[in-house]
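Some notes on the structure that comes next.
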Amino acid sequence: MTRTHQNPNTSEKMSFAKRLSLLCLYVVVFGWIACETSWAADTPVPDSSDSTKEVPAPYSYSPQGKPDPFKPFIGYLKTADQEKAPERALTPLQKFEVSQLTLVGIYSRGGQSKALIQDPDKKGYIVALDDLVGPNWGRVTRILPDRVVVTEKTKGLLGKTVDREVVIKLHRPGETSGNE
1 MTRTHQNPNT
11 SEKMSFAKRL
21 SLLCLYVVVF
31 GWIACETSWA
41 ADTPVPDSSD
51 STKEVPAPYS
61 YSPQGKPDPF
71 KPFIGYLKTA
81 DQEKAPERAL
91 TPLQKFEVSQ
101 LTLVGIYSRG
111 GQSKALIQDP
121 DKKGYIVALD
131 DLVGPNWGRV
141 TRILPDRVVV
151 TEKTKGLLGK
161 TVDREVVIKL
171 HRPGETSGNE
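Going by the numbering used here, the residue at position 140 of the sequence shown is 140; the numbering climbs one at a time, nothing skipped.
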C-alpha cells in the first residue's frame with residue numbers, strides 16, 4: 001500500500017483558489033445587484049396624479065364612402081334600362097335574345113312601318129318603333145324595308161353606357177337565319 005504524500009503547498013493553493021473564486025462570485029453578484037438598483041433609480045416613475053395627459057381614442061373603422069372589397073373591380077355588363085327599371089314586367093319578346101328572333105315580314109302604311117317578329121316557339125309579334133325587344137332592354141330604333149335595328153344600352157368595362165345595335169334581317173324562304 002503506497003501512501004501518497006501530499007504537499008502542504010498544494011492544499012494551501014487549493015484553499016486559496018477556493019477563496020479567490022468565492023470572492024469573485026461575491027463581487028459579481030453584488031455588482032449586479034448594485035447595477036439593478038441604480039438603473040431602477042434612474043427610471044422616472046410616472047406620476048399617477050397627473051390627469052392632464054390625453055388618452056388616445058380607440059380606433060374605429062368606418063366603411064362609408066369606401067369600395068366594397070368583396071365586389072369585383074370591373075362590373076358585369078348591365079344595360080342602362082336594367083338599372084333604371086328592373087321592377088317592370090318583361091314583354092314576351094324580352095324573354096328571348098335578339099339573335100333568337102326571326103324577322104318574318106315588314107309593312108308600311110301612312111309613313112309608319114311595323115314588323116312581324118317570330119320567337120323560337122314560332123309565335124309572332126307585331127313591333128313598332130320604341131318597342132322593347134330582348135332581355136337587355138333593347139328598343140326598336142329603325143324599321144327598314146329589309147331589316148329591323150334594335151339598340152341596346154349596355155355598360156362597358158369602364159362603366160360608361162355604350163349603345164349596341166343588333167340587326168334582325170328579313171330572310172327569303174329557304175334562307176338560314178343570320179342575325180347580326
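The beta carbon of each residue, even a glycine, is placed where N, CA and C say it ideally should be.
It should be emphasised that the depicted structure is a prediction, and the values quoted were computed from it without experimental measurement.
Secondary structure of GLY134 (DSSP, three-state): coil. The beta carbon of THR91 sits closer than 6 Å to those of LEU132, all from its chain and outside the five residues before and after it, given in chain order. LEU103 is the residue among TYR107, LEU103, ASN136 and SER108 whose C-alpha sits nearest the C-alpha of LYS123.
Ranking PHE30, PRO56, CYS24 and PRO135 by CA distance to the CA of ALA89 puts PRO135 first.
Residue state for ALA115 is assigned as strand, using DSSP reduced to three classes. Excluding five sequence positions before and after GLN112, none of the CB atoms of its chain fall closer than 6 Å to its own CB.
Taking C-beta atoms as the reference points, ALA115 and VAL127 count as a pair closer than 8 Å. As a beta-bridge residue in DSSP terms, ASP163 pairs with LYS153. In chain order, ASP119, PRO120, GLY134 and PRO135 place their CB closer than 8 Å to the CB of PHE96, counting only its own chain and leaving out the 5 sequence neighbours on each side. In the DSSP secondary-structure assignment, GLY124 is bridged to GLN118.
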